[in-house]
Each structure stands twice: as C-alpha cells, then as structure tokens.
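See structure below.
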C-alpha cells in the first residue's frame, strides 16, 4: 500500500487534490492544522507553478498557527508540501 510520503512525489487525483494514501494516523497528524481564524494565500509569481498557491498561512487572530509551502514541477503539479 502506498505511504504518505507519496504526497511528496506528486501523487494526486485527476482534480489535482491530494490523495490520502496512508491510514497511519501518526503520519497524517503531522499535517494537522490547529485552531485558526483566518487563512492567507500567496501565489507563485512565475516559473514552475505560476499562478498556483505557493503558501497557505493559518492565523489565530494575529498569531501564525502554521504555514504550508507548496512547490511545483515543470508541469505545474505539486511536488512537495512542507508544514512549518
């Protein structure tokens, strides 16, 4: 069975949504986002993924709860998603 790290290699469905390919809760929880009140998006200005979402910043009032950073390949497919 594929593991969650397949997400790092661009395994996505035809609508470009991430497929959850693991039932290992410990791996899925790593991407869990805590309570938040707003989300700020930035977009890739040029190059791979131009026009696609580059970062997703989750805020609880004025505090940043988490940030997801996405990277894209030359076909504009998500290659990595990193949470910080």
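Numbering (the numbering used here), first residue to last: 79 to 162.
Idealized CB from N, CA, C, for every residue including glycine.
Note that the structure is a prediction, hence the values are computed from the model and not measured.
First and last residue of the uninterrupted beta strand (DSSP E) at residue i
{"i": "residue 141", "result": "141 to 150"}
{"i": "residue 132", "result": "131 to 138"}
{"i": "residue 116", "result": "116 to 121"}
Span separating the alpha-carbon of residue i from that of residue j
{"i": "residue 125", "j": "residue 140", "result": "31 angstroms"}
{"i": "residue 113", "j": "residue 156", "result": "25 angstroms"}
{"i": "residue 109", "j": "residue 160", "result": "9 angstroms"}
{"i": "residue 133", "j": "residue 154", "result": "15 angstroms"}
Own chain residues within Cβ distance below 7 angstroms of residue i, not counting five before or after
{"i": "residue 131", "result": "119, 121 and 148"}
Beta-carbon proximity list for residue i, same chain, < 8 angstroms, skipping 5 on both sides
{"i": "residue 150", "result": "122, 126, 127, 130, 156 and 157"}
{"i": "residue 115", "result": "137, 138 and 139"}
{"i": "residue 152", "result": "126"}
{"i": "residue 142", "result": "135 and 136"}
Nonlocal neighbours in the same chain, by C-beta distance under 6 angstroms from residue i, ignoring five residues either side
{"i": "residue 111", "result": "136 and 144"}
{"i": "residue 162", "result": "145"}
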